[in-house]
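Residue numbers (our numbering), protein chains in the order written: chain A, 2 to 459; chain P, 244 to 868.
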Amino acid sequence: MQDAIAAISTPPGEGGIAIVRLSGNKVIETVDKLFKPFRRDVELVKRPSHTLTLGWIIDEEGNPLDEVLVSIMREPHSYTGEDVVEINCHGGTLPARRVLERVLQMGIRLAEPGEFTRRAFLNGRLDASQAEAVIDIIRAKTDKAMQIAMRRLQGSTSRLVQQMEDELVLINAMVEASLDFPDEVGEPDYEEIKEKLEKIIAQLEHMLEAARRADIYRQGITVAIAGKPNVGKSSLLNALLRKERAIVTNIPGTTRDIIEDWLNIRGIPVKILDTAGIRDTEDIVEQIGVQRSREVIQQADLIIFLLDVTTGITPEDQYIYESIADGKVIVLVNKEDLEDKKVREEELQQMFPDIPVIRGSVKEEIGLEELESLIEQMVLAGGLNSDDLEMVVNLRQKQSLAAARQHLQDVLDTLQQVPLDCLGVDLQGALEALGEVTGKNLKEEVIDRIFHEFCIGK
Amino acid sequence: MKIYTAGNYQVVVIGAGHAGCEAALAAARIGCSTLMITLSMENIALMPCNPSIGGPAKAQLVREIDALGGEMGVNIDKANIQVRMINTGKGPAVQALRAQADKYEYHKEMLRTLLDQPNLDILMAEVVRIDTKAGRVTGVLTKTGAYFNCQAVVVTSGTYLKGRIIIGDVIFDGGPGNQFPATKLSDSLRDLGLTLGRFKTGTPPRISKKTVDFSKMVEQPGDPRPLRFSYISPPIDRPQLSCWLTHSTPETHRIVMDNLDRAPMFTGVIKGRGPRYCPSFEDKVVRFAHKDSHQLFIEPEGRATDEMYVQGMNTSLPEDVQIQVLHSIPGLEKVRMIRTGYAIEYDYVLPSQLKPSLETRAVEGLFTAGQINGTSGYEEAAAQGIIAGINAAMKVLDREPLILKRSQAYIGVMIDDLTTKEMDEPYRLLTSRAEYRLLLRQDNADLRLTEIGRQIGLVSDERWRIFQEKREILEREIKGMKDYQAVPADEIVAMILAKKGSAPLKDRSNLWDLLRRPQVEIEDYVEAGLIPEHDLDILEQLEIQAKYEGYINKQYEQVKRFEKMENKLIPAGIDYEKVTGLSNEAKQKLTQFQPISVGQASRIAGVSPADINVLLIYLEKERRK
Chain A
2 MQDAIAAIST
12 PPGEGGIAIV
22 RLSGNKVIET
32 VDKLFKPFRR
42 DVELVKRPSH
52 TLTLGWIIDE
62 EGNPLDEVLV
72 SIMREPHSYT
82 GEDVVEINCH
92 GGTLPARRVL
102 ERVLQMGIRL
112 AEPGEFTRRA
122 FLNGRLDASQ
132 AEAVIDIIRA
142 KTDKAMQIAM
152 RRLQGSTSRL
162 VQQMEDELVL
172 INAMVEASLD
182 FPDEVGEPDY
192 EEIKEKLEKI
202 IAQLEHMLEA
212 ARRADIYRQG
222 ITVAIAGKPN
232 VGKSSLLNAL
242 LRKERAIVTN
252 IPGTTRDIIE
262 DWLNIRGIPV
272 KILDTAGIRD
282 TEDIVEQIGV
292 QRSREVIQQA
302 DLIIFLLDVT
312 TGITPEDQYI
322 YESIADGKVI
332 VLVNKEDLED
342 KKVREEELQQ
352 MFPDIPVIRG
362 SVKEEIGLEE
372 LESLIEQMVL
382 AGGLNSDDLE
392 MVVNLRQKQS
402 LAAARQHLQD
412 VLDTLQQVPL
422 DCLGVDLQGA
432 LEALGEVTGK
442 NLKEEVIDRI
452 FHEFCIGK
Chain P
244 MKIYTAGNYQ
254 VVVIGAGHAG
264 CEAALAAARI
274 GCSTLMITLS
284 MENIALMPCN
294 PSIGGPAKAQ
304 LVREIDALGG
314 EMGVNIDKAN
324 IQVRMINTGK
334 GPAVQALRAQ
344 ADKYEYHKEM
354 LRTLLDQPNL
364 DILMAEVVRI
374 DTKAGRVTGV
384 LTKTGAYFNC
394 QAVVVTSGTY
404 LKGRIIIGDV
414 IFDGGPGNQF
424 PATKLSDSLR
434 DLGLTLGRFK
444 TGTPPRISKK
454 TVDFSKMVEQ
464 PGDPRPLRFS
474 YISPPIDRPQ
484 LSCWLTHSTP
494 ETHRIVMDNL
504 DRAPMFTGVI
514 KGRGPRYCPS
524 FEDKVVRFAH
534 KDSHQLFIEP
544 EGRATDEMYV
554 QGMNTSLPED
564 VQIQVLHSIP
574 GLEKVRMIRT
584 GYAIEYDYVL
594 PSQLKPSLET
604 RAVEGLFTAG
614 QINGTSGYEE
624 AAAQGIIAGI
634 NAAMKVLDRE
644 PLILKRSQAY
654 IGVMIDDLTT
664 KEMDEPYRLL
674 TSRAEYRLLL
684 RQDNADLRLT
694 EIGRQIGLVS
704 DERWRIFQEK
714 REILEREIKG
724 MKDYQAVPAD
734 EIVAMILAKK
744 GSAPLKDRSN
754 LWDLLRRPQV
764 EIEDYVEAGL
774 IPEHDLDILE
784 QLEIQAKYEG
794 YINKQYEQVK
804 RFEKMENKLI
814 PAGIDYEKVT
824 GLSNEAKQKL
834 TQFQPISVGQ
844 ASRIAGVSPA
854 DINVLLIYLE
864 KERRK
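Spelled out as C-alpha cells, the structure:
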C-alpha cells in the first residue's frame, strides 16, 4: 500500500458535516491512536470494514477536539482500493481543520490535488474509460492549486520567500563549496552561517505567525467565559450576542448538549466555548471542577474571567482563577454600575499583576468596547500590519515552511557539533522544503551559487 | 584504399584513455573477445591535465570502480608519488583520498595490465567509420583499411574528436598534448544519427623543477601513513614527494589585464563557455577582480621527470604572456616553461541521446563513455568506461544491462544526471550532486558494489575472498558490540568513559550505543581488549556505522521514498505526443530524454508533478489493455 494521505474531502464552507478522509498504509491504526470511542469496549482497529464508530478525536493531552463519527473501509473494498478512514466532523471549517492538523501531526501527508482519485484509478477501482476524466481533474486541480498558491505568493510575501531562498542557497553554497573544493575554499565561516540561520529562522517564524494570524480571520478563535455563579456570564454572552451579529447559534450536539455561539468581533469569528458555568444554577464544585476548567484552558484561545464587584474577591474566585491562570486571561470586574463596591484597585493589582483588567457593567454595556478591542489585541498579539495580511499561505505551504524551520533549527542546534556533511542533510532538507513553497528546484541554484561566490578552479 | 578484413571481435573499444582502459578491461574480463584501438601506444592512460586522482566525489568514484572490479584504484596505488586524505574534519561522507600520480608510471603500469589481460588485443590506428546494419553495430574501419567485424563498439575518444588547440592567436588542429586529433570519427557518428556539440577546456603550463625556488613556497607533504584506493592493493611503502603552494601577485594580475586584448577567452576566438569549476586564470582575474592573489599549487608530474604542473594556472594566453605571468609569481621568477598552457575545443555527443546503460538510443550496440559524453575528469571518464564496457559485454552476451541507482553509487548519480539534464558546460561530479551522500561514502563502496561486480563476472576470486572476509568481520564485531551488555558496574567500560571524560553509565547500555558518544572511539575498545585488533579500514567502518547511525537511517528513509518512483518503469517506445493531458513542454522533453522510469522522468526540467500524474495514469491504462 502507498504512504498515507489525508485531506478534507467535503467542499469548503458551512455544511452539516465536514469529512476528513485518509487513505493508505496503516491509516486505521493511526486514527486509532487519536480516537477515543464512546463505548469503552470498542476498538477501532478491531472493527469490521464498512462500519461507523462514534467517539472523540483527542489531542496529544487526551482532550477532545471534536465529537465525530469514524467510518473505516478496508482494502480493497474502498474508494481508493486502500485502507480508508473517513472522519465525520461537525460542520464549519474549524472542526475539520483541527482534526486534519491533528492527523498531519501523526506524520500523515497532506494529499495532493486529485490524489485520492488518482490512487483509485491506479488501484483498479475506476475503469479505464474514466481515466480521461481523472486526468482532467488532476490537471485542472493541480494547475488551479498552483495558480492560487502563486497568486497568494505575490507581493511582499514572495519577496520575503525569495530573500529566504537566497540566504539559504548561500548557506548551502558556503557549506557545499567547503566540502567539494577544500583546497580553494577552506572552512566555512560558522559565525556567518549561524547569523544567517537565525535570520532565516526568524523570518520563517514571522511567516508562520502571520499565517496563524491570517488563519484567525478565516478560522476564528475560541473564547471561554469563567467565573462563579451569578457573576454575569450568561449576561455577558447575551450582551455580546446582542451587540454583534451571531454567525451561528445553538447547534445542538448529537449526544451532549453543546452550545456553540459564534460572534463576529472586529472581523474575527469568535466562538464562545461551552463552559458548564454559563447556565448558572447548580453546584459550583460540579460545575467548574478542576477537570472541566483544565479542559477550558486547553481549548480556549482566550479566557474572560468575571468578578463581581459587589461580593469582592472570594475564595471561590481564587479557586477558579487558579485553575485557569495558565491561559491567556482578561479580567472583567462586573456590576460596576452598582453602589456596593468591594473590589479595591490594590487587590486587583496584587492578584493580577500582568493581566489586563476591565471595570465595567455587562448590564449597562459599560466596558464592552474595551473588552472587544482587548480580545482583538490579545489574539493578534502585536497587531497585523498590511504586509502580513498578504501572507495568506495554504496549509500545504504552511507545512513546508514549518518543515524548513524544523530542519534549520536542527542545523543550528548541531552546528559545530556534528561534521559538515551531516549538517548538509538538514540544510538540503530545508532547501527542499522551501522549494516546495515556490515549486523551484533549488539544488541546481546551489551549484550555480558556488561558482558565483567562490573562486574555484584547478 | 583497399579495405581488408583484419579480425572478428565481440567488443571494440575506440580510445585508450581512462574510459577506454576500463571499458576494454571490463569487457575482456567478463569474457568477451575485445580489441582496443588507440591513436598512440604512448598515450594509453595518459593524464594530459592534472597529475592527480581522487578528491571529493572523485575518490568515491575510484573506490566504486575498484569495488566493481575495475583498474583505476589498483593502478594509482602502484603509481602514486603522494597520498593525502582530505576533508578529514568534515565528516565521513566527504572525506576523500587524493593521490598525486607519476604520469609515466601510471601509463606504464596500465599498459602492462592491458598487455597481460587475456581476451584483449591492442591496436594502434585511427578509426574513421563505424558500420551498422539494421540499426545495429557490425564493424569498424581504420584509416589504413583494416576492417574489424564486431557486435558492440565503445567510443571513448576523449577530447580528440576534431580537437582544436588555442594558444593566444595560434590555433591548430590537435588532440591533448599536441597529439593528432581524430578528424573523421565525428562525421561517422553524425551519419549514425547522433547530435554533437562542442565544448572547451584547458590546461596550465608545465615548468622545469630545476629552475623553481622552493624556498619561497609552502611545502605540502603527503600523509605520514598513506592509504590505498583499492581494497586489494598491498600497503604503500615508497617515499612520497611534496607539492608546493605559492600564489599570484598584483603584478601577475596587471600582466593579465594588460594583455586581455590578446586573450582568446575575451577576444571572441573561444566562443564556448568553459567549465566553471575549472576557469582559466585570466577568467579568475577578471571575474574576481577584488582578489589580488590566487593560490597556485606546484605539483611534480613524476619521479623521473623535471616537469612540474602549475595547478590553478589554466590559460590560453599567448606564449610570451604565459612566461611573463609565471615570472611574476614568488618562487618562479627564473622559471623555465617546458610546455605551454592551452585551451582545447572538441566535439562531444549530447548525452541526452544515451540510455542509462550508456548505449546510444540511435544505434544498438554503440556505447559512448568519458569526455565524449561531455564530462570532465579522469575519474568520471573511468567510471563511465567500466559501465560502458560491462554493458557492451552484457549486450553481446544477451544479458540485462547494469544500471546503478542514485541511491546506490556516485556512478548512478552521474549517469542519471547525464541522461536527464541539459548541459551547458562539461559535467563534473560534486558531492553536492548526490542526495544520499551519507550512504555513498568512499569507505563503504565495497559493501555497496562488490556483490554486483561479482554477479557480473568482474570481481576476481581474490577480491571476492578479501571482501567476504571483511564483511564477516564487520558483521561479527557489530553483533559483538550490540550483545555486550555494559552495566554501570562494568569496570572496563567505566575506565574508558573516565579516561575519555565521558559521563559514567547510569543505566544498562551496550558497546555499540556507547560508541555513539562523541568522546568514545573504537580504538578505546581495542586498547581495552573489548574487540580484537583489525585493519584500520575495518575499525573505521565500524566507527562510522555506529556514530552516524542516526543520519544514515534518516537517509535510508529518504531512499525508500525515492525508490518507489524509480521502480515504476516506463516501457520503451511511448509516443508522448499521443498522451493526452501532458503539457507541450513535457511532451517535448520526455521525447528528447526517453526516461526509463517515472522517477527519472520527474527529474527532467520542464516535467511538472501534474505531468507525472498524467504519465502514471497513462501507464496504468496501457497496462490494463
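Ideal Cβ placement from N, Cα and C applies to all residues, glycine included.
7 angstroms Cβ cut-off: residues of chain A touching residue i
i, result
"A336 of chain P", "D422"
"E863 of chain P", "F122, L123"
"H537 of chain P", "C456"
"F531 of chain P", "C456"
Identity of the residue in the options nearest residue i by Cα
i, options, result
"A240 of chain A", "A:D449, A:E366, A:V334, A:L428", "A:E366"
"R41 of chain A", "A:I202, A:I29, A:T54", "A:T54"
"A322 of chain P", "P:P761, P:P543, P:A532", "P:P543"
"E445 of chain A", "P:I699, P:D689, P:Q685, P:D667", "P:D667"
"I385 of chain P", "P:G620, P:A249, P:N796, P:G298", "The sequence shown places Thr at residue 385 of chain P, not Ile. Taking only the C-alpha atoms, the option nearest T385 of chain P is P:A249."
"S485 of chain P", "P:L503, P:I324, P:K790", "P:I324"
"S212 of chain P", "P:F805, P:K864, P:E307", "Nothing about residue 212 of chain P can be reported from this structure: the residues present for chain P run from 244 to 868 only."
"P361 of chain P", "P:G274, P:S295, P:T331", "P:G274"
"H78 of chain A", "A:D67, A:N89, A:P49, A:E62", "A:P49"
Continuous beta strand (DSSP E) stretch holding residue i: start and end
i, result
"R120 of chain A", "Careful: R120 of chain A lies outside any beta strand (DSSP E), inside the alpha helix (DSSP H) at 116 to 123."
"Q554 of chain P", "550 to 554"
"M580 of chain P", "580 to 582"
"K376 of chain P", "370 to 376"
"D427 of chain A", "Looking at the DSSP string, D427 of chain A is not in any beta strand (DSSP E); the run it does join, the alpha helix (DSSP H), is 421 to 439."
"E337 of chain A", "No beta strand (DSSP E) contains E337 of chain A, which DSSP labels as neither H nor E."
"Y247 of chain P", "247 to 251"
"I254 of chain P", "Inspection of the sequence shows that residue 254 of chain P is occupied by Val rather than by Ile. Where V254 of chain P is concerned, the enclosing beta strand (DSSP E) stretches over 254 to 257."
"E588 of chain P", "585 to 592"
"D854 of chain P", "Here D854 of chain P belongs to no beta strand (DSSP E); instead the alpha helix (DSSP H) covers 852 to 867."
Residues bridged to residue i (per DSSP)
i, result
"N265 of chain A", "A:P270"
"C486 of chain P", "P:Q463"
"A190 of chain P", "With chain P covering 244 to 868 only, the question about residue 190 of chain P has no answer from this structure."
"M74 of chain A", "A:V85"
"L289 of chain P", "None; L289 of chain P has no bridge partner."
"L53 of chain A", "A:S72"
Residues that residue i contacts on chain A, provided the C-beta gap is smaller than 9 angstroms
i, result
"P299 of chain P", "L180, D181, F182, P183"
"K346 of chain P", "Neighbours of K346 of chain P on chain A: none; closest Cβ ~16 angstroms, over 9 angstroms."
"I329 of chain P", "P183, D184"
"Q798 of chain P", "V426"
Range covered by the alpha helix (DSSP H) that runs through residue i
i, result
"Y653 of chain P", "653 to 663"
"M808 of chain P", "792 to 809"
"T510 of chain P", "507 to 510"
"F524 of chain P", "524 to 530"
Cross-chain neighbours of residue i in chain P, by beta carbon under 7 angstroms
i, result
"G425 of chain A", "R680"
"F452 of chain A", "R519, Y520"
"I194 of chain A", "Residues of chain P passing the Cβ test: none, with the nearest at roughly 14 angstroms."
"R103 of chain A", "Those do not exist, as R103 of chain A stays about 23 angstroms from chain P at its closest Cβ, beyond 7 angstroms."
Partner residues on chain P for residue i, Cβ-Cβ distance less than 9 angstroms
i, result
"E177 of chain A", "L673, T674, S675"
"R119 of chain A", "N856, L859, I860"
Amino acids of chain A, ordered along the chain, whose beta-carbon sits closer than 8 angstroms to that of residue i
i, result
"T402 of chain P", "None at all; the shortest Cβ gap to chain A is about 16 angstroms."
"Q343 of chain P", "By Cβ distance, chain A contributes nothing, its closest Cβ being about 13 angstroms from Q343 of chain P, past 8 angstroms."
Under 8 angstroms from the C-beta of residue i: neighbouring residues of chain P
i, result
"I448 of chain A", "L673, S675, R676"
Inset, instruction - Assess, as a yes-or-no matter, whether the stretch 606 to 616 of chain P is touched by the stretch 673 to 685 of chain P under the definition of 3 or more beta carbon pairs within less than 8 angstroms. - result: no
Inset, instruction - Check whether the stretch 707 to 727 of chain P touches the stretch 335 to 347 of chain P, taking contact to mean three or more Cβ pairs, one atom from each stretch, closer than 8 angstroms. - result: no
Inset, instruction - May I ask you to verify whether the stretch 450 to 470 of chain P touches the stretch 399 to 417 of chain P, counting CB pairs closer than 8 angstroms and requiring at least 3? - result: no
Legend entry - Contact between the stretch 810 to 823 of chain P and the stretch 635 to 650 of chain P (3+ Cβ pairs under 8 angstroms): As far as the Cβ criterion goes, the stretch 810 to 823 of chain P does not touch the stretch 635 to 650 of chain P, which means the pair count is below three.
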